[in-house]
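Q: When you line the sequence shown up against the numbering used here, it's residues 55 to 321, in that order.
What follows is a structure written as structure tokens; I'll ask about it next.
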Amino acid sequence: MIRIGPAGYPSGSRSPEDAIDAVASMGLSALELQFGRGVRMDLERATAIGRHAFSAGVRLSAHAPYYVNFHSQSQETRDRSIGWVMDTVRVCHRLNASPAVIHAASYGKDKEGSTASVIDGLGRCLEIMDREGIRNVRLGLEAMGKKSSWGTLDELEEAVRALSQAIPVLDLAHLHARDGGGLDSEHKVREILRRGRRMSDGPLHLHVSGIEFGDRGERKHLPLDSGSPDTGLLLAPLRELTEDVTVIVESPLPERDAVWLLSRLRQ
Ligand SMILES: [Zn+2]
55 MIRIGPAGYP
65 SGSRSPEDAI
75 DAVASMGLSA
85 LELQFGRGVR
95 MDLERATAIG
105 RHAFSAGVRL
115 SAHAPYYVNF
125 HSQSQETRDR
135 SIGWVMDTVR
145 VCHRLNASPA
155 VIHAASYGKD
165 KEGSTASVID
175 GLGRCLEIMD
185 REGIRNVRLG
195 LEAMGKKSSW
205 GTLDELEEAV
215 RALSQAIPVL
225 DLAHLHARDG
235 GGLDSEHKVR
245 EILRRGRRMS
255 DGPLHLHVSG
265 IEFGDRGERK
275 HLPLDSGSPD
285 TGLLLAPLRE
295 LTEDVTVIVE
305 SPLPERDAVW
315 LLSRLRQ
């Protein structure tokens, strides 16, 4: 089954429940909560919001703060990154949201060793999750679009293999940007999905949008009909999937484009 939904609350939403209802009323069935600037949600509230989403048929995931960096030169940032991921994971646990989507690291001056740093930091998160009995949340390692960010498919694969509760978050626009416009055929889309399925023993989680890019990779996200990449190339490969897949639309017009993608997939 394919679930499609926006990154962030639809515009005009007055509360998380309102946002969930708006998503459901548009015929969508997924919503990624945005905690990019910090997790400010009471745990009791999260339980109620999670129940509301369940009864509305909307599957939740959540994006962790952007300042996580497990390969920072600063020990303090590395330690605090564990806290930022855990804040997200604990709220996800109450919301019954998964995965907690993570931008795990920047290379900084020392690209070598970055995957080991990510595995070390997230491994410590998994130990805490284990102690706290959190089993319903996966750590979603996002494929990143800037060449200075950790998160190629090879890096994700190495980390996911080492981390028991981790899955890849296949951001197709980021992969397109990083590869200088490489997502130019259905064959390439199928290759990425196949790799993702090999890595993930759970459901597939995708991000899509249009994207502008340059020599250093991603510049900015664009609407889905921007042609970069051609959204038409995603349709047949997505329809062929038999497992659970969630597609989160991260364009500047996320709910409009999520509805558009859903209608194109149904054609
Ligand atoms: Zn992201």
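Note that the Cβ used here is the ideal one computed from N, Cα and C, for glycine as well.
Can you find the residues in the same chain that come closer than 8 Å, C-beta to C-beta, to cysteine 179, ignoring five residues on each side of it along the sequence?
A: One-based indexing of the sequence shown puts residue 179 at position 125. The answer, listed in chain order, is Ile136, Val139, Met140, Val143, Leu193.
Q: Which residue wins for smallest C-alpha separation from alanine 118, given the options Gly111, Val145, Ala100, Met55?
A: The residue given as residue 118 occupies position 64 in the sequence shown. When each option's Cα is compared against that of alanine 118, the closest is Val145.
Q: Is proline 60 helix, strand or coil when you go by DSSP?
A: Locating residue 60 in the sequence shown gives position 6, counting from the first residue. Strand.
Q: Confirm, please, whether the CB-CB distance from leucine 195 to valine 243 is below 8 Å.
A: Taking the sequence shown and counting its residues from 1, the one referred to as residue 243 is at position 189. Taking the sequence shown and counting its residues from 1, the one referred to as residue 195 is at position 141. No. Outside cutoff.
Q: Against chain B, does proline 257 count as a neighbour if the rule is that its beta carbon must be under 8 Å from one of theirs?
A: Protein chains in the displayed structure number just one, and chain B is not present.
Q: Tell me whether glutamine 127 is buried or exposed, calling it buried when 16 or more other Cβ atoms sit within 10 Å of its Cβ.
A: On the sequence shown, position 73 is the one that residue 127 refers to. Exposed, by the Cβ-count rule.
Q: By the three-class DSSP mapping on this structure, what secondary structure does alanine 220 have?
A: Locating residue 220 in the sequence shown gives position 166, counting from the first residue. Of the three classes helix, strand and coil, the one that applies to alanine 220 here is strand, per DSSP.
Q: Would you identify the three-state DSSP class for serine 203, choosing helix, strand or coil?
A: Position 149 of the sequence shown holds residue 203. Serine 203: strand per DSSP, three-state reduction.
Q: First and last residue of the beta strand (DSSP E) that includes phenylalanine 108?
A: Counting from 1 along the sequence shown, the entry for residue 108 is found at position 54. Not the beta strand (DSSP E): phenylalanine 108 falls in the alpha helix (DSSP H), residues 97-110.
Q: Taking the C-alpha atoms as reference points, what is the distance between leucine 217 and valine 191?
A: Position 163 of the sequence shown, counted from the first residue, corresponds to residue 217. Position 137 of the sequence shown, counted from the first residue, corresponds to residue 191. Approximately 13 Å, taken between the alpha carbons.
Q: Is glycine 250 helix, strand or coil by DSSP?
A: On the sequence shown, residue 250 is found 196 positions in, with the first residue counted as 1. DSSP places glycine 250 in helix when its eight states are reduced to three.
Q: Work out the CA separation of arginine 132 and serine 160 for me, nearest whole Å.
A: The residue given as residue 160 occupies position 106 in the sequence shown. The residue given as residue 132 occupies position 78 in the sequence shown. Distance between the alpha carbons of serine 160 and arginine 132 is about 12 Å.
Q: At what residues does the beta strand (DSSP E) containing leucine 195 begin and finish?
A: By one-based count along the sequence shown, residue 195 stands at place 141. First-last of the beta strand (DSSP E) with leucine 195: 193-196.
Q: Please determine, among Arg57, Gly59, Leu87, Ser83, the residue with the shortest C-alpha to C-alpha distance to serine 69.
A: Position 15 of the sequence shown, counting from 1, holds the residue named residue 69. Residue Leu87 is the option with its Cα nearest to serine 69.
Q: Heavy atom of ligand 1 less than 7 Å from the Cβ of glutamate 181, yes or no?
A: Working through the sequence shown from its first residue, we reach residue 181 at position 127. Outside the cutoff, so no.
Q: For ligand 1, which residues count as neighbours when the test is a C-beta closer than 6 Å to any heavy atom?
A: Cβ-based neighbours of ligand 1 within the cut-off: His117, Val155, His157, Glu196.
Q: Leaving aside the five residues before and after methionine 95 along the sequence, list all residues of the same chain whose C-beta is less than 6 Å from its C-beta, in chain order.
A: Here residue 95 refers to the residue found at position 41 of the sequence shown. Contacts found: Val145.
Q: Near glycine 111, which residues of its chain fall below 7 Å by C-beta distance, leaving aside the five closest residues on each side in sequence?
A: Numbered from 1 along the sequence shown, position 57 holds the residue referred to as residue 111. The residues are Ala78, Ser83.
Q: On the criterion of 16 or more Cβ atoms from any shown chain inside 10 Å, does leucine 97 qualify as buried, or is it exposed?
A: To locate residue 97, count along the sequence shown from 1; it is residue 43. So leucine 97 ends up on the exposed side.
Q: Measuring straight from C-alpha to C-alpha, what distance separates arginine 183 and serine 280?
A: Within the sequence shown, residue 183 is the residue found at index 129, counting from 1. Within the sequence shown, residue 280 is the residue found at index 226, counting from 1. This sequence places methionine at residue 183; arginine is not what is there. So the alpha carbons of these two residues sit roughly 40 Å apart.
Q: What residue from Ala290, Met253, Leu226, Leu258 has the CA that sits closest to arginine 215's CA?
A: Walking along the sequence shown from the start, residue 215 turns up at place 161. Among Ala290, Met253, Leu226, Leu258, the Cα nearest to that of arginine 215 is on Met253.
Q: Need the endpoints of the beta strand (DSSP E) that histidine 259 sits in, please.
A: Start at 1 with the first residue of the sequence shown, and residue 259 comes out as number 205. Run containing histidine 259: 258-262, per the beta strand (DSSP E) assignment.
Q: Identify which residue in Ser317, Arg310, Thr285, Ile302 has its Cα closest to the Cα of serine 65.
A: Counted from its first residue, the sequence shown places residue 65 at position 11. Ranking Ser317, Arg310, Thr285, Ile302 by Cα distance to serine 65 puts Arg310 first.
Q: If you check the beta carbons only, do serine 263 and alanine 227 fall under 8 Å apart?
A: Position 209 of the sequence shown, counted from the first residue, corresponds to residue 263. Position 173 of the sequence shown, counted from the first residue, corresponds to residue 227. Cβ distance < 8 Å, so serine 263 and alanine 227 count as in contact.
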